[in-house]
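Novice:
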Ligand code: MSP
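In the numbering used here, the protein residues as written are 57 to 584.
Here it is as structure tokens:
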């Protein structure tokens, strides 16, 4: 159980504004949004942060290529693309941080000064390969060689550049043993297990000090004691998780109180490509500042196209809009959480999306809801009948609800979104089977059976009430509507997960209204 004095605090990475988002980025945000909505539905205090990473050479170069200053370019992309995509995918973030905001830049400078004063930042010289796509200093062993003998970044398949500069270093090497000890004592702090193992073997090979400033361009936060240098973009970016909630502010100030209430973050959701930054550099920075470490870094897999990471630079990016325009935001969220095991790579395909949409959402859940609403309309004038004596079939649905709610809770809290969804889907399938077997349309033929008919329809409706709660974090719009149409609001119920499996919450006599089709039939896109 989460500590009530502290909010459940989850972050997404902050996204580079070198280009517009694609569904790989939306995937990370949806996972974070589902997890935080789940905790909110359980009545917990939650803080969900996302935002944009705006400094560094990658953003600077794309701004130049577009004939704008980096700030103008960042402002434009944030306003035209990164904020709108949150609405497209229905993300309910509590804050949106931009690394060009004064609240961030000031706190970064203060943090840096503190680390320098404590002797954790020293002057040095760097020479070695750098990938601007990753914004990362690479080790020779990280690179691949192409036919022309060039050294390429394995993620971007582009040649690395040689950086040769005198700049400021964070003494990362001093933290190797402390990090190993921390992770040995807290194996749950990096998940899934494959990510944990990757980080441990990287740590065991020893860490080098990290260059944390650059002198050859000026798009970044100025190093407070050395205006000839700007802060290395990752050192700046990682700090967003703490600057956004008041890092270093006076404990009696608003920022200081916010920090006490949120820090440390419970979960940093990241893609596997940026795991080392989060599980090695970031905790070392926090250790140096004597701050508590995040509860967990969860590294998810990539959305692949043709076996490779989907990316705009390789022109394989698909926009969230193109999918949401076809199936809506709820189905978008459902599809990615349901089809891909969180923590593993997965391929997106339009065929799979349409097939699951049609069978699981339109035919499975949508049809169950509309049939039930129609039957209450036809046989009971749209008013929920009271149940009378329950039979074994009714009771076994009630028992199944209790077990699937517990399983879904356990799975989702442990990042098994697919497992959580499948548990709820098992219940939906069972309710559909119940309808088929109980044949309410046959029962309705004899007036002597009105009580039994009422019990069947009540059982279906109260099941739908529970489904609208259990799927609320995954499909907030459709489930919010179902909750209303099934009479939960008129029954005076609170939309919360606690007590979801308690049977018989809908009040007999409330109006059951027919909704617009929740998951209308879709025309197959031309690309199929
Ligand atoms: N700016 C850094 C993160 C700094 S966090 C302190 C960054 N930005 S990014 O825009 O390149 O990527 C952000 C997130 O999107 C990463 O978690 C990355 O894994 C995710 N994805 C980008 N393409 C992706 C796929 N094709 N598939 C799944 N996620 C992908 O890195």
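Don't be surprised by glycine CBs; every beta carbon is placed ideally from N, CA and C.
1) Determine the DSSP secondary structure at residue 577, reduced to helix, strand or coil.
2) Inspect the beta-carbon positions of residue 153 and residue 300 and report whether they are closer than 8 Å.
3) Which residue wins for smallest C-alpha separation from residue 556, given the options 529, 536, 525, 544?
4) Does the count of Cβ pairs from the region 494 to 505 and the region 340 to 355 closer than 8 Å reach three?
5) Can you find a heavy atom of ligand 1 that lies under 7 Å from the Cβ of residue 293?
6) Under 8 Å, do residue 66 and residue 322 count as touching if we go by C-beta distance?
7) Consult DSSP for residue 67 and reduce its assignment to one of helix, strand or coil.
8) Quick check on residue 584: does DSSP put it in helix, strand or coil?
9) For residue 159, tell me which candidate among 228, 302, 188 has the shortest Cα-Cα distance.
10) Alpha carbon to alpha carbon, how far is residue 530 from residue 91?
11) In this structure, how does DSSP classify residue 190 when only helix, strand and coil are distinguished?
12) Is residue 71 near ligand 1, in the sense that its beta carbon is under 7 Å from a heavy atom of that ligand?
13) Quick one: is residue 228 buried, meaning 16 or more other Cβ sit within 10 Å of its Cβ, or exposed?
14) Does residue 339 come out as helix, strand or coil in the three-state DSSP assignment?
15) Can you give me the C-alpha to C-alpha distance between residue 448 and residue 438, rounded to a whole angstrom?
16) Heavy atom of ligand 1 less than 7 Å from the Cβ of residue 296, yes or no?
17) Could you give the C-beta distance for residue 477 and residue 393, rounded to a whole number, given that I count them as a contact under 8 Å?
18) Can residue 83 be considered in contact with ligand 1, in the sense that its beta carbon sits closer than 7 Å to one or more heavy atoms?
19) Going by the C-beta, is residue 327 closer than 7 Å to any heavy atom of ligand 1?
20) Shorter than 8 Å from the beta carbon of residue 67 to some beta carbon of chain D?
21) Let me check you understand the geometry: is the CB of residue 516 closer than 7 Å to at least one non-hydrogen atom of ligand 2?
22) Straight-line CA distance for residue 536 to residue 575?
23) Runs of 4 residues minimum, wholly inside the region 207 to 279: which ones carry the alpha helix (DSSP H) assignment?
24) For residue 584, is the classification buried or exposed, using 16 other Cβ atoms within 10 angstroms of its Cβ as the cut-off for buried?
25) From the DSSP output, which residues share a beta bridge with residue 353?
26) Do residue 290 and residue 337 have their C-beta atoms closer together than 8 Å?
27) Is the Cβ-Cβ distance between residue 150 and residue 532 less than 8 Å?
Specialist: Answer, in terms of the structure:
1) To locate residue 577, count along the chain shown from 1; it is residue 521. Residue 577: coil per DSSP, three-state reduction.
2) Translated into the one-based positions of the chain shown, residue 153 becomes position 97. Translated into the one-based positions of the chain shown, residue 300 becomes position 244. For residue 153 and residue 300, yes; Cβs fall inside 8 Å.
3) Mapped onto the chain shown, residue 556 falls at position 500. Here the closest residue by C-alpha is 525.
4) Per the Cβ contact rule, the region 494 to 505 is not in contact with the region 340 to 355 (fewer than 3 Cβ pairs under 8 Å).
5) On the chain shown, position 237 is the one that residue 293 refers to. Yes, the Cβ of residue 293 comes within 7 Å of a heavy atom of ligand 1.
6) As a position in the chain shown, residue 66 is number 10, starting the count at 1. As a position in the chain shown, residue 322 is number 266, starting the count at 1. Yes, these two residues count as a Cβ contact at 8 Å.
7) For the purposes of this step, residue 67 is taken as residue 11 along the chain shown, with counting starting at 1. Strand at residue 67.
8) Translated into the one-based positions of the chain shown, residue 584 becomes position 528. For residue 584, the pLDDT reaches just 46, beneath the cut-off of 50, and the residue's location in the model is therefore unreliable, although a value from the coordinates is still provided. It is coil, neither helix nor strand.
9) By one-based count along the chain shown, residue 159 stands at place 103. Checked all of 228, 302, 188; the closest Cα to residue 159 is 302.
10) Locating residue 530 in the chain shown gives position 474, counting from the first residue. Locating residue 91 in the chain shown gives position 35, counting from the first residue. One C-alpha to the other measures close to 9 Å.
11) On the chain shown, residue 190 is found 134 positions in, with the first residue counted as 1. Of the three classes helix, strand and coil, the one that applies to residue 190 here is coil, per DSSP.
12) Within the chain shown, numbered from 1, the residue matching residue 71 stands at position 15. Residue side-chain check: residue 71 places its Cβ nearer than 7 Å to a non-hydrogen atom of ligand 1.
13) Here the question's residue 228 lines up with position 172 in the chain shown. By the 10 Å Cβ count, residue 228 comes out buried.
14) On the chain shown, residue 339 is found 283 positions in, with the first residue counted as 1. Residue state for residue 339 is assigned as helix, using DSSP reduced to three classes.
15) Stepping through the chain shown from its first residue, residue 448 is reached at position 392. Stepping through the chain shown from its first residue, residue 438 is reached at position 382. Cα-Cα distance, rounded: 26 Å.
16) As a first step, residue 296 must be located in the chain shown, where it is residue number 240. With a cutoff of 7 Å, residue 296 counts as near ligand 1, since its C-beta is closer than that to a heavy atom of the ligand.
17) Along the chain shown, read from residue 1 onward, the residue named residue 477 stands at position 421. Along the chain shown, read from residue 1 onward, the residue named residue 393 stands at position 337. Residue 477 to residue 393, Cβ: 6 Å. Contact.
18) Position 27 of the chain shown, counted from the start, is the residue given in the question as residue 83. True, at least one ligand heavy atom lies under 7 Å from that Cβ.
19) Position 271 of the chain shown holds residue 327. Yes, since a heavy atom of ligand 1 falls inside the 7 Å radius drawn around the Cβ of residue 327.
20) Among the protein chains of the structure shown there is no chain D, as only one such chain exists.
21) Here the bound small molecules are ligand 1; ligand 2 is not part of this structure.
22) Translated into positions along the chain shown, residue 536 becomes position 480. Translated into positions along the chain shown, residue 575 becomes position 519. Here the alpha carbons of residue 575 and residue 536 stand approximately 14 Å from one another.
23) Along the region 207 to 279, the alpha helix (DSSP H) occurs as fully enclosed runs of 4 or more residues at 232 to 241, 249 to 260, listed in sequence order.
24) Position 528 of the chain shown holds residue 584. The predicted model places residue 584 with a pLDDT of 46, which falls under 50 and marks its position as unreliable; any figure quoted below should be read in that light. Exposure of residue 584 is indicated by the presence of fewer than 16 other C-beta atoms within 10 angstroms of its C-beta.
25) Numbered from its first residue, the chain shown carries residue 353 at position 297. DSSP lists 246, 324 as partners of residue 353.
26) Within the chain shown, numbered from 1, the residue matching residue 290 stands at position 234. Within the chain shown, numbered from 1, the residue matching residue 337 stands at position 281. Yes, the pair counts as a contact, with Cβ atoms nearer than the cut-off.
27) Counting from 1 along the chain shown, the entry for residue 150 is found at position 94. Counting from 1 along the chain shown, the entry for residue 532 is found at position 476. Against a cut-off of 8 Å, the Cβ pair of residue 532 and residue 150 comes out as no contact.
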